[in-house]
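Student: Have a look at this one before I ask anything.
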Amino acid sequence: MNRPAKDRLYQHIAQVAQAIGNSHRLELLDLLVQAPHSVEQLALAGGMSLANASQHLQRLKHAGLVVGERLGTTIRYRLADPIVARLWIELRTVALSQLADVERALDEYRPQRQQFPTITPAALQAGMMRGDTLLLDVRPPEEFNAGYLPGAISIPLDTLPTRLTELPTDALIVTYCRGPLCVYADEALAQVIARGRRGARLEEGVAEWQLAGYSIERLAA
């Protein structure tokens, strides 16, 4: 057996594991699952300095997980391949399943998540077909524009307080955001219920929806 060659093989594969073995880089991947973003946007969303965000993105780039594209003076990053989204989701799923600390941390980050009703994709689709369910995407506009669940309307979380009167009073309002590690849908649902509307949360985001075999929609270019 060619031991040195086998060692090199596993060392190259380990590059991917080493690249994602950092909490900040995992958060960057989670953001890029939603849509391409500039370094500045990623740094702001991730609570990092511009220099730190750039360093983490370079590490992800060297591992073949993201691609940077220059647009004028701005560099925008995107996932190198849809399989990277699957890698992130599978890693997150294993962590939630195998590590009790992850579940406890999620409860701490989303303290209302056990209080709110949830809805399955199948039940959501049935309700929308009947016309008695409205799906609300509360992510930032650039993420909605990059891809959204069929039939969803976009009301970003920061604009929701002034737009609650636009929501129907006789429909089930379903909120969703970036997936189960995102708190936006919880915060939106709390506002919806406080105004006397019926509401539920969809735990899945765009990436989870696609991996389950459902299609998404995008705004026309």
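Position in the sequence shown (from 1) plus 6 gives the number in our numbering. Positions of the beta carbon are idealized from the N, C-alpha and C atoms, including for glycine.
Nearest by alpha-carbon distance to residue 19: which of 154, 69 and 52 is it?
Tutor: 69
Student: Let's see if you can read the secondary structure: which residues bound the alpha helix (DSSP H) around residue 198?
Tutor: 190-200 is the extent of the alpha helix (DSSP H) around residue 198.
Student: Can you give me the C-alpha to C-alpha distance between residue 201 and residue 178, rounded to a whole angstrom?
Tutor: Each residue's Cα considered, the two are about 13 Å apart.
Student: Between residue 108 and residue 86, which are expected to be in contact by the criterion C-beta below 8 Å, what is the C-beta distance as a whole number of angstroms?
Tutor: Not quite, the Cβ-Cβ distance comes to about 26 Å (not below 8 Å), so this is no contact.
Student: According to DSSP, simplified to helix, strand and coil, what is residue 105?
Tutor: coil
Student: Please report how far the alpha carbon of residue 194 lies from the alpha carbon of residue 58, in whole angstroms.
Tutor: Approximately 31 Å, taken between the alpha carbons.
Student: What three-state label does DSSP hand residue 178 in the structure shown?
Tutor: strand
Student: Going by DSSP, which residues form a beta bridge with residue 81?
Tutor: DSSP lists 76 as partners of residue 81.
Student: By Cβ distance below 6 Å, which residues in the same chain neighbour residue 81 in space, the five residues on each side in sequence not counted?
Tutor: So the qualifying residues of the chain are 45 and 74.
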